[in-house]
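Asks: Next up is a structure, given as structure tokens.
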Amino acid sequence: MLPVVMPPTPTVTVTADDLSVDATDFRFLDPPEPGAHARVAITVANHADVASGRVQLGIASSWFEAYSIIGTAPAVSEDRTDDDGLRTFSFPPVDAQSTANFELHVTANGEGTQAPAVKVLLESGELIGEVSKPSTFAPTPRPGPVMSIDIPRLKLHSGVVQTAWEPPPFTIGQIKGSASISLGNTVLIGHLTGTAGNVFAHLDQLKPGDEVTAVSRGLPYRFVVSQTFDAANTDAAPMDATDDARLTLMTCAGTWNPFTRDYSERLWVIAEPPDQAAVTIANASATATAEATAAVAATATAVVAQPTATPTLAPTPYAGEPSLAGGIGNTRVNLEKAFGAATGETAGKLVVFHQPAGDYHVHFSPDPPRAALVARMFATGMSFDAAVRESRKLLPTDARPRADAPEGNSRFIVERFSSPSLAQALGSDEFLVIYTRDPRGTVTSIVLGLGDDFDALIAQSRN
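Residue numbers (our numbering): 1484 to 1946.
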């Protein structure tokens, strides 16, 4: 009798069709913040009667710029990144007719809770399944840095980034080291105007009672403006730490100085949680009412005590010299002491004072005669920087720029200033400094005059 030969048992190979991805999620085990523990978890089911091959969990390598791996469960045999930037972790096979859970544990390197897109594959590269946006779970986050801000009155919605001091271009910055939202004084700054943006250009429109909402780690924090004020650009007290929650907004204010390239003041807007803001606003209103009542009472007392009308005294004429010797607004006596006696007049009745480096042409106001226009004519031209230094010898000592920077064209350059003492002397605080130029760009004269009509001032200086 011949022996019976049994046919070989066919080998059963599990394919991707025999497997399924039954669950995927991204879960923070700590409140989300830098250093928080999180994990990516997948559940894979094997519907075949034999064990599968090893299971690959694939995530784009770029996602790991925000997260650092601290472990896996169970352990993986391989961690590799292919040429397309897909980083895969090789987990053990799934037993027949079973399910298995695979976990990748990470810590967050920064803010954010972005889940990774996930691919699940066999070692052969067959795709079992993929999930582009796994569900994300996290405990309620602790207060952190401000990530965005919304101010309805200004129709302003902006992102917020961390900054050491200088406002960031085209967005709002939170001063590093200022408090996390709701844990003290959180300071936000932004540019007023200029090439780096104007995100806080209308901050001065905010009034007590206006709402401001700051978002941190996905949660909104509501504040209400309780006070606004201007302060010197050297006053940093509003940035001091506080025990009470507040949101402090700051931008530039006052007068632009083109030489220091800074504004003279800062605008501060203080916003507090609604209940505290209501108290602050009520206290300020009560104080204002009390001061107004006191003022009315003082006026009434004065009226009773002095029933007879008191004659109005004429203001004392301004007797000072607003500028350095020979400058705009000064008296004729002052100019004659600076330049000597006048040597003649131009056709346009400008008084001429001859000097070795070039003549001065001056238009004097009626009695008392003061220099309403001073034109410095150079015997030889000079550079713009040198001319600016010469012009400063003729400016009022309290002159302040009215524009961010000089303006002009190939024929002249204009600077705009204001001066309270010039207003006392000549009745107008606004004046121009005009630098006329020849075709080579050399400055040939400096004209200082009242108002803003530079063409008229140039024409007058040449008559």
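C-beta: ideal position from N, C-alpha, C; glycine also.
Since we're looking at a predicted model, the values are computed, not measured.
1) Determine, using beta carbons only, whether Phe-1900 and Ile-1917 come nearer to each other than 7 Å.
2) Indicate whether Pro-1805 and Pro-1884 have their beta-carbon atoms separated by less than 7 Å.
3) By how many angstroms is the C-alpha of Phe-1847 removed from the C-alpha of Arg-1853?
4) Quick one: what's got a C-beta closer than 6 Å to Leu-1671's C-beta in the same chain, skipping five residues either side?
5) Is the CB-CB distance between Gly-1932 and Leu-1915 below 7 Å?
6) Indicate whether at least one CB of chain D lies closer than 7 Å to the CB of Gly-1737.
7) Check for me: the beta strand (DSSP E) holding Arg-1920 runs from which residue to which?
8) Quick check: the Cα distance between Glu-1935 and Ile-1929, rounded to an integer number of angstroms?
9) Report the residue from Ser-1893, Gly-1812, Ala-1830, Arg-1872 whose alpha carbon sits nearest the alpha carbon of Gly-1910.
10) If you check the beta carbons only, do Ala-1821 and Gly-1803 fall under 7 Å apart?
11) Measuring alpha carbon to alpha carbon, tell me which of Ser-1665, Ala-1761, Asn-1529, Gln-1539 ends up nearest Glu-1613.
12) Report the rounded CA-to-CA distance for Thr-1711 versus Gly-1677, giving the unit in angstroms.
13) List, from N- to C-terminal side, the beta strand (DSSP E) runs of 3 residues or more that fit wholly inside the region 1631 to 1695.
14) According to DSSP, what are the bridge partners of Met-1733?
15) Ser-1544 to Thr-1763, Cα distance in whole Å?
16) Taking the CB atoms as reference points, tell me whether Ala-1862 and Ala-1882 lie closer together than 7 Å.
17) Which residue wins for smallest C-alpha separation from Pro-1946, given the options Ala-1830, Leu-1702, Asp-1727?
18) Can you grab the Cα-Cα spacing for the pair Glu-1516 / Trp-1546, in whole Å?
19) Our contact map puts Gly-1630 next to Ser-1699 with C-beta atoms below 8 Å; I'd like the distance itself, whole angstroms only.
20) Should His-1520 be labelled buried (16 or more other beta-carbon atoms within 10 Å of its own) or exposed?
21) Run the CB neighbour count on Phe-1742, radius 10 Å, all protein chains shown included, and call it buried at 16 or more, exposed below.
22) Under 7 Å between the Cβ atoms of Ala-1598 and Thr-1619?
23) How would you label Trp-1648, buried or exposed, when you count the other beta carbons within 10 angstroms and need 16 or more for buried?
24) For Ile-1941, report the span of its alpha helix (DSSP H) as first-last.
Replies: The structure says:
1) As a working note, residue 1900 is residue 417 in the sequence shown. As a working note, residue 1917 is residue 434 in the sequence shown. Going by C-beta atoms, Phe-1900 is not nearer than 7 Å to Ile-1917.
2) For this step, residue 1805 is matched to residue 322 along the sequence shown. For this step, residue 1884 is matched to residue 401 along the sequence shown. Not a contact, by the Cβ cut-off of 7 Å.
3) Residue numbering aside, residue 1853 sits at position 370 when the sequence shown is read from its first letter. Residue numbering aside, residue 1847 sits at position 364 when the sequence shown is read from its first letter. If you draw a straight line from the Cα of Arg-1853 to the Cα of Phe-1847, it is about 5 Å long.
4) Reading the sequence shown from its first residue, position 188 is the one you call residue 1671. By the criterion of a C-beta distance shorter than 6 Å, Leu-1671 is surrounded in its chain by Ile-1655, Gln-1657, Leu-1732, once the five residues flanking it on both sides are discounted.
5) Position 449 of the sequence shown, counting from 1, holds the residue named residue 1932. Position 432 of the sequence shown, counting from 1, holds the residue named residue 1915. Cβ atoms of Gly-1932 and Leu-1915: closer than 7 Å.
6) Protein chain content of the structure displayed is limited to a single chain, and chain D is not contained in it.
7) Sequence index remark: in the sequence shown, residue 1920 carries index 437 (1-based). According to the DSSP assignment, Arg-1920 belongs to the beta strand (DSSP E) that extends over 1913 to 1920.
8) For the purposes of this step, residue 1935 is taken as the residue at position 452 of the sequence shown. For the purposes of this step, residue 1929 is taken as the residue at position 446 of the sequence shown. Before going on, a small fix: residue 1935 reads as Asp here, not Glu. Rounded to whole angstroms, Asp-1935 and Ile-1929 show a C-alpha spacing of 15 Å.
9) Taking the sequence shown and counting its residues from 1, one reaches residue 1910 at position 427. For the residues Ser-1893, Gly-1812, Ala-1830, Arg-1872, the minimum Cα distance to Gly-1910 belongs to Gly-1812.
10) To locate residue 1821, count along the sequence shown from 1; it is residue 338. To locate residue 1803, count along the sequence shown from 1; it is residue 320. Not a contact, by the Cβ cut-off of 7 Å.
11) Locating residue 1613 in the sequence shown gives position 130, counting from the first residue. Distances from the alpha-carbon of Glu-1613 to those of Ser-1665, Ala-1761, Asn-1529, Gln-1539 put Gln-1539 closest.
12) Residue 1711 sits at position 228 when you count from the first residue of the sequence shown. Residue 1677 sits at position 194 when you count from the first residue of the sequence shown. Each residue's alpha carbon lies about 23 Å from the other.
13) Here the runs fully enclosed are 1631 to 1634, 1639 to 1646, 1655 to 1658, 1668 to 1672.
14) On the sequence shown, position 250 is the one that residue 1733 refers to. Bridge partners of Met-1733 according to DSSP: Ile-1672, Trp-1751.
15) As a working mapping, residue 1544 is identified with position 61 in the sequence shown. As a working mapping, residue 1763 is identified with position 280 in the sequence shown. Separation of Ser-1544 and Thr-1763 (C-alpha to C-alpha, rounded to the nearest whole angstrom) is 51 Å.
16) Here residue 1862 is taken as the residue at index 379 of the sequence shown, counted from 1. Here residue 1882 is taken as the residue at index 399 of the sequence shown, counted from 1. It is not a contact, given that the beta carbons lie outside the stated cut-off.
17) In the sequence shown, the residue the question calls residue 1946 occupies position 463. In the sequence as displayed, the identity of residue 1946 is Asn instead of Pro. Closest by alpha carbon: Ala-1830.
18) Position 33 of the sequence shown, counted from the start, is the residue given in the question as residue 1516. Position 63 of the sequence shown, counted from the start, is the residue given in the question as residue 1546. For Glu-1516 and Trp-1546, the distance between alpha carbons rounds to 16 Å.
19) The residue given as residue 1630 occupies position 147 in the sequence shown. The residue given as residue 1699 occupies position 216 in the sequence shown. Before going on, a small fix: residue 1630 reads as Met here, not Gly. Between Ser-1699 and Met-1630 the Cβ distance is about 6 Å, and since that is below 8 Å, they are a contact.
20) In the sequence shown, counting from the first residue as 1, residue 1520 sits at position 37. Answer is exposed; the Cβ neighbour count stays below 16.
21) By one-based count along the sequence shown, residue 1742 stands at place 259. By the neighbour-count criterion, in which a residue is buried when 16 or more other Cβ atoms sit within 10 angstroms of its Cβ, Phe-1742 is exposed.
22) In the sequence shown, the residue the question calls residue 1598 occupies position 115. In the sequence shown, the residue the question calls residue 1619 occupies position 136. When the beta-carbon positions are compared, Ala-1598 and Thr-1619 come within less than 7 Å of each other.
23) Position 165 of the sequence shown, counted from the first residue, corresponds to residue 1648. Burial check for Trp-1648: the Cβ neighbour count within 10 Å stays below 16, so the residue is exposed.
24) What you label residue 1941 is simply residue 458 of the sequence shown in a count that begins at 1. Following the DSSP letters along the chain, one finds Ile-1941 inside the alpha helix (DSSP H) bounded by residues 1937 to 1944.
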